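Structure first, then comments.
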Amino acid sequence: MKSVNILSIIEAYRKLSNTLFQKLMNSYGIISGIKDYELNGIESFVNELLKIKNNITIVNNYYLGYSIPQIGKEFDLLRFGDNYIINIEIKTESSIDKIFKQQQKNRYYLEFLDKEVYIYTYILNENKLYKLIIKDSNNEIKEATFNELCNKLFLQEVVTFNNIDDLFNPSDYLVSPFNSPEKFMAEGYFLTVQQEQIYNEIRTKLSDATTKFIALTGSAGTGKTLLTYHIAKESIRKGEKVLILHCAPLNSGHKILMEEYGWSIHMPKYAPNTTDFDLIIIDEAQRMYPYQFDKYIEEVRTFNKKCIFSYDENQYLRDNEKNYHTKERIEKELSCTPYKLTDKIRTNKEIAYFIKQLFNLKKNISNIDYPNIELTYCKNYFSAKSLLQELSKKNWKVPNYTPGTRSTFHYEAYLSGDTESAHSVVGQEFDNVVIVIDDSFKYNSQGDLIADNTYYSQRQMLYQIITRTRKKLHIVIIDNEVMLDRCIDILNK
Numbered sequence: 001m002k003s004v005n006i007l008s009i010i011e012a013y014r015k016l017s018n019t020l021f022q023k024l025m026n027s028y029g030i031i032s033g034i035k036d037y038e039l040n041g042i043e044s045f046v047n048e049l050l051k052i053k054n055n056i057t058i059v060n061n062y063y064l065g066y067s068i069p070q071i072g073k074e075f076d077l078l079r080f081g082d083n084y085i086i087n088i089e090i091k092t093e094s095s096i097d098k099i100f101k102q103q104q105k106n107r108y109y110l111e112f113l114d115k116e117v118y119i120y121t122y123i124l125n126e127n128k129l130y131k132l133i134i135k136d137s138n139n140e141i142k143e144a145t146f147n148e149l150c151n152k153l154f155l156q157e158v159v160t161f162n163n164i165d166d167l168f169n170p171s172d173y174l175v176s177p178f179n180s181p182e183k184f185m186a187e188g189y190f191l192t193v194q195q196e197q198i199y200n201e202i203r204t205k206l207s208d209a210t211t212k213f214i215a216l217t218g219s220a221g222t223g224k225t226l227l228t229y230h231i232a233k234e235s236i237r238k239g240e241k242v243l244i245l246h247c248a249p250l251n252s253g254h255k256i257l258m259e260e261y262g263w264s265i266h267m268p269k270y271a272p273n274t275t276d277f278d279l280i281i282i283d284e285a286q287r288m289y290p291y292q293f294d295k296y297i298e299e300v301r302t303f304n305k306k307c308i309f310s311y312d313e314n315q316y317l318r319d320n321e322k323n324y325h326t327k328e329r330i331e332k333e334l335s336c337t338p339y340k341l342t343d344k345i346r347t348n349k350e351i352a353y354f355i356k357q358l359f360n361l362k363k364n365i366s367n368i369d370y371p372n373i374e375l376t377y378c379k380n381y382f383s384a385k386s387l388l389q390e391l392s393k394k395n396w397k398v399p400n401y402t403p404g405t406r407s408t409f410h411y412e413a414y415l416s417g418d419t420e421s422a423h424s425v426v427g428q429e430f431d432n433v434v435i436v437i438d439d440s441f442k443y444n445s446q447g448d449l450i451a452d453n454t455y456y457s458q459r460q461m462l463y464q465i466i467t468r469t470r471k472k473l474h475i476v477i478i479d480n481e482v483m484l485d486r487c488i489d490i491l492n493k
């Protein structure tokens, strides 16, 4: 997207044909288009500015209708400076409460840029300007003058960017209920446009007396866990009794939600009787044993409860879990059309491209840089264990392949000192992640990555661990020239 002169935009809108005007907007990267009422508001706003200071400087270098990739958060007008950022929202009419909520939300997204932020809202029907006042305790909204705004615009040390998308890291805005439970409970996050839409639809379904079962699905990085726990939190706030059945070992975030906030979260085999609850949420449902699935289906029906299944069919950790066919049972047997999250939030594109190529020899993507992926080769398990322990000390997350309870698996010889395993990091996310590819990995004749199976699927554990990555990935190869060669090929394309 290119920065624009908003006076020029209005002149073009008034003078050009609609077809040519849209072509001009597209040339600026304003693909989604601007509605007539928005342009009318901008025109009135520009006129007010120029009454105060008739200087082209104050109407130049705006990003118009910018939307953060993957998040869907849109800003009417953004103007960047070395000294501060200015955001201006244009409304035909609105209430003070709605204006304040939007300004608070905009500040949340812009404060990650580590610059002072000034946020204004112009109301066309009132011809008034409102400003967000930032305070240490509670922010507030006050009417502002155009003279004040003109001075801010005039004194701004304006900068523009070839690609404004580079300023925003979508994963910054995905708060994990597990890794940041206090922030989650303190409302330190906002849902994406898609999450908000699905949340509202699910709330409507929950209000329908005839609804028993609801399905929510999404692949790694789409914010499925956040949305699932947001639904639980809002249901609890409404006075409903919520039971969460988590089909994996509970993590430290779960324990905080339980001990400090009184949530009822259990693994299915340790769960209390469902009769005391209004809503049953089954998280990581793809891993639930069939007999447990049958049990809870029967209880929901018998006791007239509501049940939400949250699942990702690709996130299984034992091969037999894939054969549970939980997805098919939910969608066909229970006639649930799933609400599907499709917009990737957490996924770092660089790492996503790497994962696709790592797990399939036939997938090759060219002209991608991988500055956030490191590669180290170790000749044996002993050497690897020393390296993993060192990386763990340097703030790298080194989730282990899950050790056996009754048997000892080959990879236990190089386990790091990290206490978390592939099973316990389910639903979590980490900035810097280490994965280990040992001598059990190879490609089959179809080009798919496979591993010599233990009780747990090492391939699926690798997938679980690697998809926890937010920013940086460190690959440790142990005595496996085939996999080393493949990783080098991917990184050098």
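Count the sequence shown with the UniProt record's numbering and you get residues 1 to 493, in order. Glycine included, each C-beta is placed from N, C-alpha and C at the ideal position. Predicted, not measured: the structure shown is a model, and the values here were computed from it.
Please list the terminal residues of the continuous beta strand (DSSP E) segment that includes residue i.
i: F75; result: 74-79
i: H246; result: 242-246
i: F430; result: 430-437
i: T217; result: 213-218
i: L279; result: 279-283
i: Y118; result: 116-123
i: F309; result: 306-311
i: K340; result: 339-341
How about residue i and residue j: are their beta carbons less than 9 Å apart?
i: E259; j: I280; result: no
i: S176; j: F184; result: yes
i: D82; j: E157; result: yes
i: D278; j: S235; result: yes
i: L191; j: L226; result: yes
i: C336; j: A215; result: yes
i: C42; j: I86; result: The identity of residue 42 in the sequence shown is Ile, whereas the question assumes Cys. Not closer than 9 Å, so no.
i: H254; j: F178; result: yes
i: K241; j: S264; result: yes
i: A75; j: Y63; result: First, the residue type needs correcting, since residue 75 is Phe and not Ala in the sequence shown. Contact flag set, yes.
i: I490; j: L358; result: yes
i: P181; j: L245; result: no
i: K393; j: D431; result: no
i: M267; j: D165; result: no
i: Q389; j: V426; result: no
i: R79; j: N61; result: yes
For residue i, which residues from the same chain have a beta carbon less than 6 Å from its beta carbon, with the 5 sequence-adjacent residues on both sides left out?
i: S366; result: K493
i: A451; result: S440, F441, Q458, R459
So the alpha helix (DSSP H) residue i belongs to, where does it begin and stop?
i: V46; result: 36-52
i: H254; result: 252-261
i: Y401; result: Looking at the DSSP string, Y401 is not in any alpha helix (DSSP H), and its letter there is neither H nor E.
i: H230; result: 224-237
i: R203; result: 193-206
i: K2; result: First-last for K2: undefined, no H or E at that position.
i: D165; result: Element bounds for D165: n/a, residue is neither H nor E.
i: L20; result: 18-27
i: E412; result: That residue, E412, is in no alpha helix (DSSP H); it is neither H nor E in DSSP.
i: F293; result: 290-302
In the DSSP assignment, what residue or residues form a beta bridge with residue i?
i: A144; result: L129
i: L473; result: I373, V433
i: C378; result: I478
i: F441; result: A451
i: L64; result: L77
i: I365; result: Answer is none; I365 lacks a bridge partner.
i: N139; result: Per DSSP, none; premise fails for N139.
i: H266; result: L245
i: K91; result: I123
i: I85; result: V117
i: V59; result: DSSP lists no partner for V59.
i: N360; result: D448
i: S421; result: N400
Starting from the C-beta of residue i, find all residues in its chain whose C-beta is less than 8 Å away, skip the five residues before and the five after it, and write them out in chain order.
i: T342; result: Q194, G218, T222
i: N360; result: G447, D448, L449
i: N93; result: Per the sequence shown, the amino acid found at residue 93 is Glu instead of Asn. For E93, where only same-chain residues beyond five positions count, the Cβ hits under 8 Å are I123, L124, N125, E126.
i: A384; result: C378, Y414, V436, D438, V476, I478
i: Y443; result: L361, L449, I450, V482, R486
i: K51; result: F146
i: T228; result: L216, I281, D283, I308, S310
i: K356; result: K363, I365
i: T380; result: Before going further, note that residue 380 is Asn rather than Thr in the sequence given. Cβ neighbours of N380 beyond the five flanking positions: I478, D479.
Any C-beta of chain B sitting closer than 9 Å to the C-beta of residue i?
i: D294; result: In the structure shown, chain B does not exist; there is a single protein chain.
Within a Cβ cutoff of 7 Å, which residues of the same chain sit near residue i, ignoring the five residues on either side of it in sequence?
i: I71; result: P170, Y173, T192, I345
**Report entry** the region 208-218 contacting the region 288-308, beta-carbon criterion three pairs below 8 Å
**Finding:** yes
Query raised in the report: Okay, do the region 286-299 and the region 324-339 touch, 3+ Cβ pairs below 8 Å being the bar?
Result: yes
Query raised in the report: Is there contact between the region 392-400 and the region 415-426, where contact requires at least three CB pairs shorter than 8 Å?
Result: yes
Report task. Could you tell me whether the region 125-140 touches the region 98-115, using the rule of 3 or more Cβ pairs below 8 Å? Result -> yes
Report task. Would you check if there are 3 or more beta carbon pairs closer than 8 Å linking the region 88-102 to the region 362-382? Result -> no
Query - Segment contact, 8 Å Cβ cut-off, at least three pairs: the region 112-125 with the region 22-33 - result: no
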